[in-house]
Structure formats: structure tokens, C-alpha cells
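Taking it in order: structure first as C-alpha cells, then the write-up.
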Amino acid sequence: MSGTDPTDAAAQTALAAEHAAIYAYGVCGGVLDAGTAGALMAREAFAVHQQRREGLESLLRDHGLDPVPAASGYALPRPVTGQTSAARLAQGVEERCGAVYAALVAASSGSTRRSAIGWLSDAATRGLDWGASATAFPGLVSP
């Protein structure tokens, strides 16, 4: 695969989303009371997104590409001050990740596609766990 391959472009976009997700879950974890269900969910999501980031970086390196680096910081859509705002942020993170995973499913094949399908399902489930509304086709952006 090359840097112009649609799979590579979708993987770079997914990697950028993972960087942002890790940042966002770090913010969530910083405002949630330790030991609460929300804090445990944020910690688990942080670890899952770190693992995906590492997998995407490895995939891109295997394709001879430099993985897109994380930004030094990310703008949040609103202040995160407690459980409610952290849950809203987490819902948005999983919705965004679901959309980029759906794009990766469409652009890839084989084991990359299988991984992206699992990630899409996980993002939809995790979003619901944070209180998001169920949608008919998670990850698909309405026109």
C-alpha cells in the first residue's frame, strides 16, 4: 500500500481520532471521582483507544508511512466539569470514532476491515454506555 491508498488515508484519519479520543478521556478521567462507574468507564476507554492507536501506528509503519502525530492539545466542545459534561464529551468521542471507523471499513479489506468493524461496534456500544441515543446505522453520518 502507498500513501495514496484509500486504506492508508482512512487509517491516518482513524489514528488522528484515536489521538483526540485519548486526550478527551484523559480530561474525563481528571474530573470524575475516582472509583465511580464513570471514572472506571473512562479509564477503560482510555486504555482501549491507546491500544487502537498503537495498532494503527503499527499498520501505517508496516505500509512505509509515518503515522500522523498527536496534537499538543485539542479544543473541547464545552467545558468538562463533572459527570454530565464528561459523559457528553465521551458520547461525542465515540460518535466521531464510529464515523472514522465506518470510513475505514469502507476503505479497507481483510484483517484491517475486520478490526474496524469490531471497533465500530465497540464505539456504538460505548456511546450507549455513556448515555447516547441508539441509531439505526452507527458510524454513518446523515447527509
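Under this note's numbering, the residues of the sequence shown are numbered 523 to 665, in order.
No residue lacks a Cβ here, since even glycine has one placed at the ideal position from N, Cα and C.
Quick caveat, the model's predicted, so the values are computed rather than measured.
Distance, Cα to Cα, R575 vs L581? 10 Å
Is the number of C-beta pairs between the segment 617 to 624 and the segment 584 to 597 that are closer than 8 Å three or more? no
Assuming G605 and L554 make a contact with CB atoms under 8 Å, what is their CB distance in whole Å? In the sequence on display, residue 605 carries Gln and not Gly. Their Cβ separation, rounded to whole angstroms, is 6 Å, which keeps Q605 and L554 in contact under 8 Å.
Can you give me the C-alpha to C-alpha distance between D527 and L626, rounded to a whole angstrom? 12 Å
How is S630 classed by DSSP in three states: helix, strand or coil? Note: S630 maps to coil in three-state DSSP.
Straight-line Cα distance separating H571 from V549: 14 Å
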